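See below for the structure under consideration.
2 protein chains.
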Amino acid sequence: MSVDEIQVGLLGCGTVGSGVYKVLHKNEESITNKAGAKLSVKQVLVKDKDEELAVDVPDEELTEDFTDILNDDEIEIVVELIGGVNPAREFVLQSLKNGKSVITANKELIAKHGEEILLTAEENNVDFYFEASVGGGIPIIKPLKSSLAGNKITKILGIVNGTTNYILTKMDEEGAEFDSVLKQAQELGYAEADPTSDIEGCDAAYKLAILSSIGFESRIDIDKVYVEGITGITKEDISYAREFDYKIKLLAIGKEEEDGVEVRVHPTLIPEDHPLANVNDVFNAIFIEGDAIGETMFYGPGAGQMPTGSAVVGDIIEVARNIKLGAQGRLPCTCFENKKVKEPSEVETRYYIRLEVLDEPGVLGQITNLLGEYNVSMESVMQKGRSDESVPLVLITHKVKEGDINTALEEISKLDPVKEVANLIRVEE
Amino acid sequence: MSVDEIQVGLLGCGTVGSGVYKVLHKNEESITNKAGAKLSVKQVLVKDKDEELAVDVPDEELTEDFTDILNDDEIEIVVELIGGVNPAREFVLQSLKNGKSVITANKELIAKHGEEILLTAEENNVDFYFEASVGGGIPIIKPLKSSLAGNKITKILGIVNGTTNYILTKMDEEGAEFDSVLKQAQELGYAEADPTSDIEGCDAAYKLAILSSIGFESRIDIDKVYVEGITGITKEDISYAREFDYKIKLLAIGKEEEDGVEVRVHPTLIPEDHPLANVNDVFNAIFIEGDAIGETMFYGPGAGQMPTGSAVVGDIIEVARNIKLGAQGRLPCTCFENKKVKEPSEVETRYYIRLEVLDEPGVLGQITNLLGEYNVSMESVMQKGRSDESVPLVLITHKVKEGDINTALEEISKLDPVKEVANLIRVEE
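Below, the structure written as structure tokens:
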């Protein structure tokens, strides 16, 4: 085989796979120039050759048998776009062991088996690239590993799930409730029929585990990521947050502090003038703080056929450049350390607390006194309306340990005038 | 010399040079891990060894003679941070010819002599990297050349000059005039004693020439970039723009359309909900549109010791990775084509026009009729106040060729009730 042509095998030809196929063909000439070699898709693995694809693939390029790709020595790059752990993990590991470089968009696979896969790639002197696994088309993995490599990364704040960002944006814009916006999102194709992984924060947690492992140079076990979804957010919370000049976003938060690393995904109040506060609809953005660069943010489409295809093709070009020069393994795993991940109870943050209380004199005093006993001090308080029944009392605290706030709220819920602790949402500055 | 240590020579130790020195030392362990080799500064070229530097450099690392670095075979990477064309160009070319890879933050040098330098690097099989030349610490050059390499880039909109962005932000926030804000910026160190290159748009033009050459894969001659600074922007323009829901920013605009490439730097009205509209103070951002990714934006500090140091060190690490693997030349010049750059008169855009007119019946009719004769149609019109003398009349047009608008305005200026064509600013969607 000539060095001037590099053969690619695609595993899967769904949304992203067809995007990759389209991008490679549409911009073929320019891509060949940049890669220094023609990148040709030789085989595409599909479940059923007779099923219609979102892109025209000639019959002779289709196969239903993975070993057709695995055993084809001309194929030097395998692109895994099946998703999920099985059989993706096996296909990836076997490809690497057969001397093929692998590119994937599979965040679950990397978050759960990244170490094993990266080690296997290293042992076999091939590349494993995964730009598309976080932030769809947004360049973030390679910038972290190269342009920002001189920094000690101290903070990562990401809006990394388009479905939940769409839902929260619409709840804000339309004053609508979660359920109705979710339904609307499903109709528009922005949410899956089973939206659990998105709305419960799992998708964002996979992405945070990947970003944090690279940013903090220490493998972050997916089980160590605290996860809370957005199903408990009401239109009232969004509207009260706005009165305090905050937006509510599902944030993936990674921080390195002196006593360890924090990794958590949860709905978060973020100041309206923060660059992330204006990231709306299905857009994603990743805000990075480093000791040299200060603050930087990467913004763009977090999903979709062509944006994700763009990220995968960027990886294919990078790997092709390495193959041309025999420089595979150029960007290896960067988890050099083994840092402590804090328990949720050790994390210190600010909180938004929404209570339902009886509209009686002295209630606020009772509550703030009790909070004070647990070292919780107030930044702002707002009582909404007057009523013979209960009224909402909204508090924003200064920084406090999660353990302390939970104990304090347990006590508060026992106070007579307190009808309900209606919501507790973290606040980021 | 062991492969596990790579020697670096720094040319210049001013703001950026001392930043590079600091970053390399501060994060030495992590940088060594990532580069796969210890990166040691062996020699620093300064004008005068006795002058105090912003960072502690041991005497034995200082030299006043460039040939000490040029002829030191152990030095494999030269970092040029002198700025300007002479002697930077000679130093860079000689270093490349002596087999050293070169990194620079020098936008003027690249914009004016990029082709010669990149060819020399290629002929000598070494690297020439320049991430810090655009957007300070913001990763943008490498993302364009790698993560986004699968795209045909169609549009580049950049806020790439911190000084002018600071001035326009303050004029907007404080309702202040240009001159007083410029003075304030100079006192704060955000503007130079001689601010010409910033406020007249030259600095932004260099950066646009670099971005466009990479984005459109065709060398953009700096002389082909249309440049207009911000000195003609008044607080009235900013306030009227706001009434139409626009902000005024100094934008570096590159577009590829069917009939050629447009490259222009000028004050621009941009809709308030555009991601660039909220990039304030000295921050920079580059908004990119590609056929696969759609829209993406890179935001961060556009200047400063540590952010620019961060970008340079990112390049040093990348080049070190190439040296370790013998993969120099991995990211060569990507100007594969020779595209036509449009003349300013061929460019079609929308315009904001501010006139001073007599407050008489029929004036608006006269003006819009005349504009209509030159194919200029109106999108919005606003007349401010009433007066016996002249009043401002502000128009926003639909798309029109620059040639047509200029002829139309010449005719309009001759109308009796028109006292002055006070300003003409382009509008971007």
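Protein chains in written order, with this note's numbering: chain S, 1 to 429; chain E, 1001 to 1429. Cβ atoms here follow ideal geometry from the backbone N, Cα and C, with glycine treated the same way. Note that the structure is predicted; figures quoted are calculated from it, not measured.
Which residues in chain E have a C-beta closer than 8 Å to the C-beta of S/A320? List them in chain order. For S/A320, no chain E residue has a Cβ inside 8 Å of its Cβ, as the nearest lies near 10 Å away.
With three or more beta-carbon pairs closer than 8 Å as the criterion, would you say the region 237-257 of chain S touches the region 140-158 of chain S? Short answer: they touch.
- request: Could you name the residues of the same chain whose beta carbon sits closer than 7 Å to that of S/S2, not counting the 5 residues immediately before and after it, in chain order?
  value: Because S/S2 sits at a pLDDT of 44, beneath the cut-off of 50, its placement in the model cannot be relied upon, and the point is left open.
**Item:** According to DSSP, residues forming a beta bridge with E/S1390
**Value:** E/L1358.
Exercise. According to DSSP, which residues form a beta bridge with E/V1279?
Worked result: BP columns for E/V1279 are empty, so no partner.
- Query: If S/T104 and S/E80 are in contact, beta carbons under 8 Å, what's the gap, nearest whole angstrom?
  - Reply: Indeed they touch by this definition, with Cβ atoms about 4 Å apart.
Q | Residues near E/V1341 in its chain [Cβ-Cβ closer than 8 Å; skip 5 each side] | A | Closer than 8 Å at Cβ, skipping near neighbours: I1220, D1221, K1224, G1260, V1261, E1262, V1263.
Tell me which residues share the same chain as S/E177 and place their Cβ nearer than 8 Å to its Cβ, disregarding the 5 neighbours each side in the sequence.
Closer than 8 Å at Cβ, skipping near neighbours: M171, T234, K235.
- Task: Check whether the Cβ atoms of S/I210 and S/A311 lie closer than 8 Å to each other.
- Result: Not in contact: S/I210 and S/A311 (Cβ atoms no closer than 8 Å).
Self-check item: Under the three-state DSSP convention, the category E/A1121 falls into
Solution: When secondary structure is reduced to three states using DSSP, E/A1121 falls in the helix class.
Next on the checklist: Taking the alpha-carbon of E/I1316 as reference, which of E/K1034, E/G1014, E/D1388 has the nearest alpha-carbon?
Outcome noted: The candidate whose alpha carbon is nearest that of E/I1316 is E/K1034.
Exercise. Rounded to a whole number of angstroms, what is the C-alpha to C-alpha distance between S/E337 and E/D1281?
Worked result: Spanning the two alpha carbons is a distance of roughly 37 Å.
- prompt: Any beta-carbon of chain E closer than 8 Å to the one on S/A191?
  reply: Chain E contact via Cβ: absent.
Point to revise | Run of the beta strand (DSSP E) containing S/N423, from where it starts to where it stops | key: Per DSSP, the unbroken beta strand (DSSP E) holding S/N423 starts and ends at 418-427.
Please classify E/F1066: does DSSP put it in a helix, a strand, or coil?
In this structure, E/F1066 counts as helix in the three-state DSSP scheme.
Through-space distance from S/D194 to E/G1175, alpha-carbon basis: The alpha-carbon atoms of E/G1175 and S/D194 are separated by roughly 51 Å.
> Looking at the structure shown, is S/E108 part of a helix, part of a strand, or coil, going by DSSP?
Replying inline: For S/E108, the three-state secondary structure derived from DSSP is helix.
What's the C-alpha gap between E/N1098 and E/N1027? If you take the alpha carbons of E/N1098 and E/N1027, they lie about 29 Å apart.
**Study point:** Pairwise C-alpha distance: S/V126 and S/E139
**Key:** Residue 139 of chain S is actually Pro in this sequence, not Glu. If I take the Cα positions, the gap works out to 22 Å.
Original post:
Mind checking if S/A105 is an interface residue toward chain E, Cβ cutoff 8 Å exclusive?
Top reply: No, no contact with chain E.
Rounded straight-line distance, which links the Cα of E/V1092 to that of S/V85: Distance from the CA atom of S/V85 to the CA atom of E/V1092, rounded to whole angstroms, is 50 Å.
Review point. Got a sec, what are the start and stop residues for the alpha helix (DSSP H) E/K1324 sits in?
Key: Taken as a continuous stretch (DSSP letters only), the alpha helix (DSSP H) holding E/K1324 covers 1305-1325.
Please state if the CB of S/T308 and the CB of S/G162 are separated by a distance shorter than 8 Å.
No. Outside cutoff.
Notebook entry, point to check: Between S/E296 and chain E, is there a C-beta pair that is closer than 8 Å?
Noted result: This sequence places Thr at residue 296 of chain S; Glu is not what is there. By this cut-off, S/T296 is an interface position.
Point to revise | Expected contact under 8 Å - CB spacing of S/K142 and E/S1212 to nearest Å | key: The pair is not a contact, with the Cβ atoms about 22 Å apart (cut-off 8 Å).
- Under 8 Å between C-beta atoms, does S/G158 make it to chain E? S/G158 does not count as touching chain E.
Show which residues of chain E have a CB atom less than 8 Å away from the CB atom of S/E131.
-> From the beta-carbon of S/E131, the residues of chain E found nearer than 8 Å are S1147.
> Do you know whose CA, among E/D1237, E/R1330, E/L1118, E/S1030, lies nearest S/F216's CA?
Replying inline: It is E/S1030.
Straight-line gap, E/E1389 to E/D1404 (C-alpha atoms, nearest Å): Going by the C-alpha atoms only, they are around 29 Å apart.
Can the beta-carbon of E/K1042 be found less than 8 Å from the beta-carbon of E/E1064?
-> Annotated as distal: E/K1042 and E/E1064, with beta-carbon spacing of 8 Å or more.
8 Å Cβ cutoff met for S/L39 and S/L24 | Contact: yes.
**Message:** Quick check on S/Q328: does DSSP put it in helix, strand or coil?
**Reply:** Coil, per DSSP.
Under 9 Å from the C-beta of E/F1336: neighbouring residues of chain S: When 9 Å is used as the limit between beta carbons, E/F1336 is near these residues of chain S: E29, S30, N33, K34, in chain order.
Worksheet item: Can the beta-carbon of E/A1422 be found less than 8 Å from the beta-carbon of E/E1360?
Response: With respect to E/E1360, E/A1422 sits apart: the two C-beta atoms are not nearer than 8 Å.
Kindly identify the DSSP beta-bridge partner or partners of E/H1266.
Residue pairing by DSSP places E/H1266 opposite E/L1251 in a beta bridge.
Establish whether the CB of S/P87 and some CB of chain E are separated by less than 8 Å.
False, the Cβ-Cβ gap to chain E never drops below 8 Å.
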